[in-house]
Amino acid sequence: MSKRKSSSVSDKPHKRIRPVEEEEVDDANVDAGDQEDRPLNKQVQGAGEVVSDAGIVESITLKNFMCHSLLGPFTFGSNVNFVVGNNGSGKSAVLTALIVALGGNAQATNRGSSLKGFVKEGESSADVSITLRNKGRDAFKPEVYGSAIIVDLRITRDGLRTYKLRSKSGQLVSNKKEELLSILDNFNIQVNNPVSVLTQEMSKYFLHSKGEGDKYKFFMKATQLEQMREDFVYIKTTKHVTEDKVGQHSECLKDLKRKYMEKEDRYKSLTSLDEMHTKLEELQKQMAWALVSELEKETEPIKEKLQSDRRATEKYDEKVDEWKKKVEEAEKKQKQIQEQLEGITQQLQELQPKCAELKAEVQRQNTPLKTSEVTVHRCKANLRDLEKDKVQLSTRINDLKLSISQTTGAESQARTKRMEQIQAELEDLTHQISTLGQQIDQYHLACGRAKEEQGKMRREQEMLHRSIDANRRNLQTMESSRSNRLRRFGEHMPALLSAIQEALKTGQFKQRPRGPLGYLINLKDPELALAVEVCVKGQLNAFTCDNHEDEKVLQGLMGEVFPPGRRPVIITSHFLPHVHDTRKRAVNHPDYPSVLQALEIDDPVVANCLIDQRGIESILLIKNRTEARKVMQGKSPPQNCTQAFSKEGDQIFSNRSYTAEQTRANYLSGDVEEEIRHLQREMENQKGQVTRFELQMKRLDEEIKQNDGLLRRTTVEQKTTKEKATKLQLELTDLQNVEEPQSEDLRPLEEDLQEIVAKISSKRAELDEAQAQMAKHKASYEKAEQKYKQHKEQINIVAEEADSIKEELSKTDQEVMKCKHHKKHYDDKRSAHLQNIQTLEASLESKEQELQISVAKATEICPKRLEGRRNARSLDSEISRLKVKITTQQEQQGDREEVVRQYHEALENYKNMAQQMKNLNSFIKSLDSVMNHRLQVYAELRRFLSARCKYYFDSMLAQRGYTGSMTFDHKNETLSISVQPGQGNKADLSDMRSLSGGERSFSTVCFVLSLWAITEAPFRCLDEFDVYMDMVNRRISMDMMLKVAAGQRYRQFIFLTPQSMSSLPVSKIIRILRLKDPDRCQNNNAQRSQDDEDQ
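Each residue of the sequence shown is one higher than the one before, starting from 1 at the first, in the working numbering.
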């Protein structure tokens, strides 16, 4: 679609303005979606009749288009339409035809490079017919077209496109594309806008792109801000062209003025010589006093500026006092928060020992509880075995009493002896099984403990390996820095400096960049290496540039040398030839040096950079840690001192201190060999630890293997013993069933029965005692655990309170630094202002002396002062010309009439050109004023649209319980989107690339819906929006889009999807067009879509 000029944002409102009532309904729907959880089908089924705006698509018909002989006519509903069908059924063909027929170019469809590619193979042309609704207040020429506009497009095999615009009755109205453009402008139809028509390829390019710049381009194009910006660029280019023409005309004007002056001279030369002499004298007098007037004019601005600056001095004083008070208030607040944090920290430290005691008490109470549970379990098992023996023995005695008369005495004695033998063996086997069970439990416990210890050792071993790798890399850096100290700052640093030197030789840099800064500084005292390195650690690898052009060149060189993500920092600041004067704000202590005093810095640029970035002139270096705390946290800390560092790297403020994480200097240490030896010793110790870990791991592996072997053998032995006991029990049962002893043989069995009954009573008493003991231990354990949990909860509450106070303290620290920075800024401005006043006073005095001399000379020439409007330069030029005239007039007089004619002609030409120049300059001035105003409105509109997009995006995400953020960087033209699935902390927000396919597609739908909410269009088309979604995200996204559609009855929505959409509710606002699967590139298999409402 060809580019059309957009109207001014400020002078003319948008053509399609949503009614106030509809806007309120839309917002209410959004809020309701966040608060209510009613099913969507109730909302959709309860919707009334849809009344859509003009411009929606009522129907579309395709003939010989792409691979389809005939598709349609498809009749679309006024609100929500789903075009469903499998791949190849013609969905994309319908969308492509819609784009092309409404003025879009072939590239916009992403289906071909030229229009002739849309003509079906073997056919001479392709036809597309689209019917647009033309009703309501936005109707286009309703008296001509009626209630509908029919757009007929024909594409020939040669790629030619012709339009026919017909009325509702089919009468031809126009065949010009300009008429179509007017219709599209009236309806605000933008087929090239991805928010109006979003194809699959456009979605992949903008929405599924990993680049934040692509998403920003999508936002700009969707909101038409891109077109506005292009219009502004075009207007600016036009202005530059006009200015160039003005410059050309200025040269021409000078020539005309010169010719005019020449003709004027000849014209005036016709007067008498006496008049010329009189005029010459008059001009000389005017010249004398004109010089006086010019000096007075030069003096007057200086006086006014001096008065203005003297009045402004009070404002600077007020600003300095204001920020001084703010600094005092911020420091007072900082001290209060620090005291509060110290109190909470002390409270937390007091709670920690008791927490450890309670935890140990829980563990102590747990041990007897486990022991008592084992005792109860063993007693229950023994009691079950005794009850079983009692039942069996009672049964046997009763059976023997019944059959005592049927057996012989000898057989009875033999069976009785065998039964006693079996009974003894069963008792031994039962005892052996119980013992084996206890051994199995012990082996299980031993294996579990060994594996737990092995896991802890494995984690410690991994941490040790990472430390060894880090030390190995540091050792390699140190060894390579033996010959080149620069390698301490990175293996790529020498190559970068070589590239900078080459670029400097070829003139790519205006000023030579400095860096790395740590390489350009030296320590006066080597013992302070760690303290200085911790202080300026962030700037040691940094570079500094004089201007942004040099910064861009340096960034390009870094990109060639360094891998991504590991580039040094670049600080851009104007280079000065001398070091900053820090006498007023630097710390001066008689016993301890500042960081600036402890360093030898040859280059003032490097010194100024560290002063600006780190404030090294106000940081003390105190070797002794205790002495540093005494100096900084005493009653009167050193003046201008913000903090101090000990030689161990500890950072001490006036109200707090921090311990350094590193123990040795990596960049600034002087003795490389000592550092190498230290790293080697540390690595040898770590390797020894690794060897010990491996031996312990091997021992644990052998112990686990041994216990597993004993466990398997004991389990097999227990199983064998149980089988043997079972066989003996069966044999005993058989003997009991066969043997019938005499009455005198029953006495041992009865004695055994009584003994078993006694054992049962004893075991029951033992079980009751064990259960009581277990209940006692369990109550003690639960009581100890409850105390521990309550105390732990109390510690967590205090810790959370401490975290919030720490965060507040950090903000207060930043506020203090900010206030001090502003105070310093206004102090500097006031000093510069006073210096400027002194300069103006000296200049005024010089000008007044010069004026007195000029007045004296003018009085000699003409005692009476003459007031004239002409300047001295103009008078001097005229005097020179008049003198030449007087000397040459008699030599050449010329024809009077010809001189008069040429004079008037030159005067007329000069006036015409001067008027044209005046008009052009007035036009440029007006254009600048209008453009400045429109650019301001453009920036405000962009900010407003960004804010609305963020609001709707958060609202859409919240419907699924997601949280997210949308960050616009209009300066760098990037849009960053972060999403957190489920309810989580804002700090846990993740980039969309870390989400699953369904979650990312759902987030993309939310982004598109938020753009829908801030842009206007009569219809919106979305091609296969749910292709990457799972069922849950597809349902939620569908509910969201239908909810949006239900709240925007004046718009039409066309969704293309391969899904069946059978789960959608039946509603008057939803129409489903199902396409049958055609045989591609065949003439007779196209099938008209079927309306879901007719089923």
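Where a beta carbon is used, it is the ideal one built from N, C-alpha and C, also for glycine.
Would you decide whether residue i is buried or exposed? Buried here means 16 or more other CB atoms lie within 10 Å of its CB.
{"i": "Leu-40", "result": "Because the pLDDT at Leu-40 is just 45, under 50, the model does not fix this residue reliably, and the value given afterwards should be weighed accordingly. Its Cβ being crowded by 16 or more others within 10 Å, Leu-40 is buried."}
{"i": "Val-595", "result": "buried"}
{"i": "Ala-906", "result": "buried"}
{"i": "Glu-362", "result": "Inspection of the sequence shows that residue 362 is occupied by Val rather than by Glu. Buried, since its Cβ has 16 or more Cβ neighbours within 10 Å."}
{"i": "Phe-923", "result": "exposed"}
{"i": "Arg-1020", "result": "buried"}
{"i": "Leu-160", "result": "exposed"}
{"i": "Asn-608", "result": "buried"}
{"i": "Lys-120", "result": "buried"}
{"i": "Lys-864", "result": "exposed"}
{"i": "Ile-861", "result": "exposed"}
{"i": "Asp-1023", "result": "buried"}
{"i": "Val-144", "result": "exposed"}
{"i": "Gly-48", "result": "Because the pLDDT of Gly-48 is 45, which lies under 50, any placement of that residue in the model is unreliable, and the question is left without a value."}
{"i": "Ile-797", "result": "exposed"}
{"i": "Lys-857", "result": "exposed"}
{"i": "Asn-188", "result": "buried"}
Along the beta strand (DSSP E) that carries residue i, what are the first and last residues, could you check?
{"i": "Leu-165", "result": "161-166"}
{"i": "Glu-58", "result": "57-65"}
{"i": "Val-80", "result": "80-84"}
{"i": "Ile-977", "result": "974-980"}
{"i": "Thr-1015", "result": "No beta strand (DSSP E) contains Thr-1015, which DSSP labels as neither H nor E."}
{"i": "Phe-140", "result": "No beta strand (DSSP E) holds Phe-140; DSSP gives it neither H nor E."}
{"i": "Thr-572", "result": "570-572"}
{"i": "Thr-663", "result": "Thr-663 -> no beta strand (DSSP E), and no H or E assigned at all."}
{"i": "Ser-113", "result": "Counting along the chain, Ser-113 falls outside any beta strand (DSSP E), and DSSP gives it neither H nor E."}
{"i": "Leu-1073", "result": "1070-1074"}
For residue i and residue j, which I take to be in contact (beta-carbon distance under 8 angstroms), what is that distance rounded to the nearest angstrom?
{"i": "Leu-523", "j": "Ala-598", "result": "7 angstroms"}
{"i": "Ser-129", "j": "Asp-158", "result": "Wrong, their Cβ atoms sit about 21 angstroms apart, outside the cutoff."}
{"i": "Ala-625", "j": "Ser-646", "result": "First, the residue type needs correcting, since residue 625 is Arg and not Ala in the sequence shown. Indeed, because the Cβ distance is near 4 angstroms, the residues count as touching under 8 angstroms."}
{"i": "Leu-496", "j": "Leu-557", "result": "6 angstroms"}
{"i": "Tyr-667", "j": "Glu-491", "result": "No, Tyr-667 and Glu-491 are not in contact; Cβ-Cβ is about 14 angstroms, not under 8 angstroms."}
{"i": "Ile-571", "j": "Gln-508", "result": "Contact doesn't hold; Cβ gap of about 19 angstroms is too wide."}
{"i": "Leu-528", "j": "Leu-621", "result": "5 angstroms"}
{"i": "Thr-345", "j": "Ala-802", "result": "6 angstroms"}
{"i": "Lys-221", "j": "Asn-193", "result": "6 angstroms"}
What residues are listed by DSSP as bridge partners for residue i?
{"i": "Asp-1023", "result": "Leu-1056"}
{"i": "Phe-645", "result": "Leu-621 and Gln-651"}
{"i": "Phe-968", "result": "Leu-975"}
{"i": "Leu-599", "result": "Leu-523"}
{"i": "Leu-70", "result": "Lys-63"}
{"i": "Val-151", "result": "Ile-130 and Leu-165"}
{"i": "Ser-657", "result": "Ile-652"}
{"i": "Cys-545", "result": "Thr-572"}
{"i": "Arg-459", "result": "In DSSP, Arg-459 forms no bridge with anything."}
{"i": "Val-197", "result": "Cys-1021"}
{"i": "Leu-172", "result": "Arg-166"}
For residue i, report the span of its alpha helix (DSSP H) as first-last.
{"i": "Cys-535", "result": "529-535"}
{"i": "Gly-559", "result": "548-561"}
{"i": "Ser-129", "result": "No alpha helix (DSSP H) holds Ser-129; the beta strand (DSSP E) holding it covers 125-133."}
{"i": "Phe-219", "result": "212-222"}
{"i": "Cys-1099", "result": "Absent from the structure is residue 1099, since the part of the chain shown begins at 1 and ends at 1095."}
{"i": "Phe-187", "result": "177-187"}
{"i": "Ile-500", "result": "493-505"}
{"i": "Ser-874", "result": "872-888"}
{"i": "Ile-99", "result": "91-101"}
Return the chain-ordered ranges of every alpha helix (DSSP H) run that is complete within the segment 320-367 and spans a minimum of 4 residues.
none
Hey, which unbroken runs of the beta strand (DSSP E) at 3 residues or more fall wholly within the segment 684-747?
none
Where in the segment 221-265 do unbroken runs of the beta strand (DSSP E), each at least 3 residues long, occur, reported from the N-terminal end onward?
none
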